[in-house]
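Chemist:
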Amino acid sequence: MKKYVLLLLSMILLTISCGKDAVAKRMFEEHMKIIQSGDMNKIKKWDASMNTPEIGIVLEGFKKITYKINKVETKDKTATINVTIKYPDYSIFGNEFHNMITEKYKSSNISSKAEVNKIVIQEATKFFNEKIKENKLSYSEKTIDVILEKQGNNWVLNGEKNLELISILTLGLDK
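For the sequence shown, the residue numbers in mature numbering (1 follows the signal peptide of the UniProt record, and there is no 0) are -22 to -1, 1 to 153.
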């Protein structure tokens, strides 16, 4: 009888722990679905800090991100999701973009830093969207651990603990 009770308890614990893993996995998948949508309104609702003009540069690239969850481990209020992410790598176009914008605006009299930033963002968005349309993208792939923390009933991403994910979401523009 004792063996059966232990077996039953083991099965219950396994079910509970797997259930926590499944919830964390589902929350991560929901986060990634929002990112992959490339929809600024959904992204703003998910993370207000991403509501910047610069985000427009990478929105179309977000739609090209793919991922595969390799492993999920949950301990207390922390879930670690090992995931392989394949993403467009804009870094290979850095010199080309720099040369294009330098040539295009070399004789302009733009004086304010705000105006320069606005032009760079507009030109970068247009430039990288064209690269996507022309299917001239290069992809990088990384396997990382993403940390989710339980806050109330939700599993949330903590930016400070997910710097590799944040770097990936810049699509190589942080290099």
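Each residue gets a CB set at the ideal place from its N, CA and C atoms; glycine is no exception.
Let me know if K(-20) comes out buried or exposed under the rule of 16 or more other beta-carbons within 10 Å of its beta-carbon.
Modeler: Confidence at K(-20) is low in this model, with a pLDDT of 37, below 50, so its placement is unreliable and the value that follows should be read with caution. With fewer than 16 Cβ atoms within 10 Å of its Cβ, K(-20) is classed as exposed.
Chemist: Quick check on DSSP: helix, strand or coil for I125?
Modeler: It is a strand residue.
Chemist: Taking the alpha carbon of K3 as the point to measure from, which residue in V50, I144 and I122 has its own alpha carbon closest?
Modeler: Of V50, I144 and I122, the residue nearest in Cα terms is V50.
Chemist: Looking at V61 and I79, is the spacing between their C-beta atoms short of 7 Å?
Modeler: For I79 and V61, no; Cβs fall outside 7 Å.
Chemist: According to DSSP, is K53 part of a helix, a strand, or is it coil?
Modeler: Note: K53 maps to strand in three-state DSSP.
Chemist: Is I116 helix, strand or coil by DSSP?
Modeler: In the sequence as displayed, the identity of residue 116 is Ser instead of Ile. Correct three-state label for S116: coil.
Chemist: So I35 packs on I99, CB below 8 Å; how close in whole Å?
Modeler: Indeed they touch by this definition, with Cβ atoms about 6 Å apart.
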